[in-house]
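Here the sequence shown is numbered in our numbering, starting from 73 and rising by one per residue. Glycine included, each C-beta is placed from N, C-alpha and C at the ideal position. For clarity, every value in this text was computed on a predicted model and none was experimentally measured.
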Amino acid sequence: MTPRKIAALLVILLITISMLSVTGCGGKSGPKYLRYSVGAEPETLDPRKSTGIPEATVEAQLFEGLTTLDAKNAPVPAMAEKWEISADGLKYKFILRPGIKWSNGDPVTAYDFEYGWKTALSPELGSKYAYQLFYVKNGEAYNKGLTTADNVGVKALDDKTLEVILEKPTAYFLSLTAFHTLYPVPRRIVEANPKWAADPKTLVGNGPFKIAAWVHNSRIELVKNDQYWDAGKVKMPKLDFILTESGSTELAMFDNNQIDMGDNAPPAEYPRLKKEGR
């Protein structure tokens, strides 16, 4: 992962942390949820396939990896409650939290992680971010068709234990496990419906929110996922992601109190917004 990619990941995850800590937005008379202009229509919400910042920002609310990053950008337990690292830095053993579930109530297992990682690497899927898993032993070889999935260094030892073997010691590997390409996917759902991530009725996640509506090129509505292991700390009942590529449209919506946050305002307006404390 390049420094630029790492920086983008940190921004996404810090946005995630700030979203979960907010109790309400929109002013005294506005809605008590966050309305965030995330940019363009996501090409996909399958975390194995996505490449853009809009996709990753939404997916960070719908899914969760083995770790997440805290306010100091350090990896902390998420789906994994603890882990062990071998003395040579090549073998990781992750122990998943008890009782973790997908948004449909199915258990999240180590097999979902193994399946997600191996399918992200598979030549058939064509993931553009498959290289994020090249740190895993034989990950690159499998992606290039030189070996089979059975030889890739990720294996579920049981429902709660995931073993990962790396090609070489990688100091930032724990941080990588917070990246969307390394999220788990619900194997039962994916194998039954290859288009599972395209429809709110079939998109199943394991993050703090679940998808309620997707009005293409308009908005994505998320609601609190009561199945999430740390649901008690999720303060907002709903998130609205507004989909627009136009910086001027985003700014007009912000000025009219139609959104609370956005990343695409015209640069020429920055001085005014800063002067207004916005």
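Beta-bridge partners of Y108, as assigned by DSSP: Paired residue(s): F313, M333.
With 16 other Cβ atoms within 10 Å as the buried cut-off, status of A337: Buried.
C-alpha distance - S158 paired with Y164, whole-angstrom precision: Take the alpha-carbon of S158 and the one of Y164: they are about 7 Å apart.
Three-state class that DSSP yields for P338 in the structure shown: Per DSSP, reduced to three states, the secondary structure at P338 is coil, with no helix or strand assignment.
Helix, strand or coil at P114 according to DSSP, with G and I counted as helix: P114 falls in the coil class under three-state DSSP.
D230 to P126 span [Cα, whole Å]: Taken atom to atom, the span from the alpha-carbon of D230 to that of P126 is near 34 Å.
Neighbour-count burial assignment, K346, 16 or more Cβ in a 10 Å radius: That one is exposed.
DSSP-derived helix/strand/coil call for I283: In the three-state reduction of the DSSP assignment, I283 falls in the strand class, which pools E and B.
Nonlocal neighbours in the same chain, by C-beta distance under 8 Å from L248, ignoring five residues either side: The beta carbon of L248 lies closer than 8 Å to those of M73, Q204, Y207, T242, L254 in the same chain, with the five residues before and after it left out.
Rounded straight-line distance, which links the Cα of S290 to that of S109: So the two alpha carbons sit approximately 10 Å from each other.
DSSP state of R169 mapped onto helix, strand, coil: In the three-state reduction of the DSSP assignment, R169 falls in the coil class.
Between the CA atoms of A128 and P343 - distance to the nearest angstrom: Approximately 29 Å between the Cα atoms of the pair.
Start and end residues, alpha helix (DSSP H) containing A324: First-last of the alpha helix (DSSP H) with A324: 319-327.
7 Å Cβ shell around P195 - same chain, five flanking residues per side excluded: Counting only residues of its own chain and dropping the five nearest sequence neighbours on each side, P195 has a CB closer than 7 Å to the CB of N215, G217.
Residue from F313, E348, N328 whose Cα sits closest to the Cα of D335: Checking every option, the nearest Cα to that of D335 belongs to F313.
Distance between N328 and A112 (C-alpha atoms, nearest Å): Near 20 Å, if we compare the C-alpha coordinates of N328 and A112.
CB of Y187 within 8 Å of CB of R259, strictly: Contact flag set, yes.
Contiguous alpha helix (DSSP H) assignments of at least 4 residues, all confined to the stretch 153-240: Counting only runs of 4 or more, we get 182-193, 211-215.
P126, DSSP secondary structure in three states: When secondary structure is reduced to three states using DSSP, P126 falls in the helix class.
Beta-carbon proximity check, P119 vs V257, cutoff 8 Å: Yes, the pair counts as a contact, with Cβ atoms nearer than the cut-off.
Length of the line joining the Cα atoms of F326 and G349: If I take the Cα positions, the gap works out to 13 Å.
Start and end residues, beta strand (DSSP E) containing L141: Where L141 is concerned, the enclosing beta strand (DSSP E) stretches over 139-141.
Outcome for Y244 when other beta-carbon atoms lying within 10 angstroms are tallied against a minimum of 16: Exposed, by the Cβ-count rule.
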